[in-house]
Ligand code: GRF
């Protein structure tokens, strides 16, 4: 199975998955990385790993449909079977969603459907969890459809909220668990233990 990553920032989830492919924990090939941010850690990591990397954004392709076509073409050229969103901050267009139906994964740093949806990303999620006084939070791997965070949840893990937690400490603990959850979920998909 050939994996195509879309990432906007640091790419630590992407790195965890690449490492797992290299150690054969995941029996798949990290085949391409696409980012809409030319300065992203994700693009740097791709170059270090020798994975073909592309910067495709509204700067390189001002028309939305043109950008979507460029992304699709890049995925096709690299024979991608499964798209892995790893901190990708742009909504995917309908062309990509339809072409790769049930073959696009995302990870979200909460127990979906709680704390998901438009505008709920990054630190905002953890701030909302702390403001609500939740005792636990977590992460979810889900299929991507045309809406934000509404696709079928494939796997979740739970993280206890500590009374001394700040947004930063909570985000860091959840992120550590995200790396494990994303790797385990993709490994299970590749093995056929999770059906998409
Ligand atoms: C993660 O918290 C993930 O849940 C969210 O974006 C963040 C990406 O972090 N979708 P990284 O780029 O993988 O380090």
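Numbering (our numbering), first residue to last: 5 to 200. We treat Cβ as the ideally placed atom computed from N, Cα and C, and that holds for glycine. Note that the coordinates shown come from a computational prediction; the quantities given were computed from them, not determined experimentally.
Cβ distance (whole Å) where residue i is taken to contact residue j below 8 Å
i, j, result
"residue 79", "residue 99", "Actually they are not in contact, since the Cβ atoms of residue 79 and residue 99 sit about 11 Å apart, beyond 8 Å."
"residue 13", "residue 120", "Their Cβ separation, rounded to whole angstroms, is 19 Å, which puts residue 13 and residue 120 out of contact at 8 Å."
"residue 178", "residue 158", "About 17 Å separates the two Cβ atoms, so there is no contact after all."
"residue 108", "residue 87", "4 Å"
"residue 49", "residue 15", "5 Å"
"residue 131", "residue 171", "5 Å"
Closer than 6 Å: residue i CB and nearest the ligand GRF heavy atom
i, result
"residue 56", "no"
"residue 113", "yes"
"residue 13", "yes"
"residue 39", "no"
"residue 44", "no"
"residue 91", "yes"
"residue 17", "yes"
Residues near residue i in its chain [Cβ-Cβ closer than 8 Å; skip 5 each side]
i, result
"residue 24", "30, 187, 190, 191"
"residue 62", "40, 68, 71"
"residue 106", "147, 200"
Cut-off 6 Å between Cβ atoms - residues of its own chain near residue i, not counting five sequence neighbours on either side
i, result
"residue 162", "140, 142"
"residue 36", "8, 56, 82"
"residue 173", "none"
"residue 11", "18, 39, 46, 90, 91, 92"
"residue 129", "113, 114, 119"
"residue 32", "5, 7, 25, 194"
"residue 20", "183, 187"
The segment 37 to 55 touching the segment 105 to 121, judged by at least three CB pairs closer than 8 Å = Fewer than three beta-carbon pairs drawn from the segment 37 to 55 and the segment 105 to 121 are found closer than 8 Å, and the two stretches are therefore not classed as touching.
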